[in-house]
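Our numbering applies: residue 27 is where the sequence shown begins, and numbers increase by one.
Heads up: the structure comes next, in structure tokens.
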Amino acid sequence: MDSTIYDATIDRLPQVDRNHDLDLAPSLPETIWAVQQISSGKAPGSNAIPPEIYKHGGPRLMVELTTLFQEMQRQGQVFQDFKEATIVHLYKRKGNRQFCDNHRGISLLNIAGKIFARILPYLLNGHLEQGLSPESQYGFRRH
Numbered sequence: 027m028d029s030t031i032y033d034a035t036i037d038r039l040p041q042v043d044r045n046h047d048l049d050l051a052p053s054l055p056e057t058i059w060a061v062q063q064i065s066s067g068k069a070p071g072s073n074a075i076p077p078e079i080y081k082h083g084g085p086r087l088m089v090e091l092t093t094l095f096q097e098m099q100r101q102g103q104v105f106q107d108f109k110e111a112t113i114v115h116l117y118k119r120k121g122n123r124q125f126c127d128n129h130r131g132i133s134l135l136n137i138a139g140k141i142f143a144r145i146l147p148y149l150l151n152g153h154l155e156q157g158l159s160p161e162s163q164y165g166f167r168r169h
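Here you go:
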């Protein structure tokens, strides 16, 4: 059986209008909220900027970070540094260090990318709560 999807078939699919509500870029208050949610004391990613820098960076840093997120939204692309992780292994402090089972892996992510990733579901949930989710949907909702 041929698995090719023909253009004519795609053209027959019902089209919906683009929802411009989802085009909203993160705002300054949303960036500040997301920064406040990030845990202190976590290891930074490839750029070596720890979460405390963002938490105590002040208003100017929040404005610059918001501008960065808005530019990514405008371009429709997430920076590669935000998508990459450095995986390191840690000894579990039990058993023989020579065995892999006694280690666990952790992913070190760029903290700015973590902040951006925290904003996205917030924006999406805000949109979905405008009557788009069925009443029977209880999981993954703000209560």
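A virtual CB, placed ideally from N, CA and C, is assigned to each residue, including glycine.
Other residues of its chain near residue i: CB distance less than 8 Å, five sequence neighbours each side excluded
| i | result |
| --- | --- |
| residue 81 | 61, 62, 64 and 66 |
| residue 117 | 123, 128 and 129 |
| residue 24 | Look at the range of the chain in this structure, 27 to 169, and you will see that residue 24 is not part of it. |
Distance CB(residue i)-CB(residue j) smaller than 8 Å
| i | j | result |
| --- | --- | --- |
| residue 145 | residue 56 | yes |
| residue 50 | residue 154 | no |
| residue 83 | residue 134 | no |
Reduced DSSP category for residue i - H, G, I as helix; E, B as strand; rest coil
| i | result |
| --- | --- |
| residue 117 | strand |
| residue 170 | Absent from the structure is residue 170, since the part of the chain shown begins at 27 and ends at 169. |
| residue 39 | coil |
| residue 94 | helix |
Element boundaries [alpha helix (DSSP H), containing residue i]
| i | result |
| --- | --- |
| residue 151 | 137-154 |
Cutoff 6 Å; reference residue i; Cβ partners in own chain excluding five residues on either side
| i | result |
| --- | --- |
| residue 99 | 51 |
| residue 78 | 66 |
| residue 131 | 113 and 115 |
Best match in the options for proximity to residue i [C-alpha to C-alpha]
| i | options | result |
| --- | --- | --- |
| residue 110 | 147, 41 and 140 | 140 |
| residue 107 | 38, 147, 75 and 34 | 75 |
Same chain, Cβ closer than 7 Å to residue i, neighbours up to 5 away in sequence not counted
| i | result |
| --- | --- |
| residue 85 | none |
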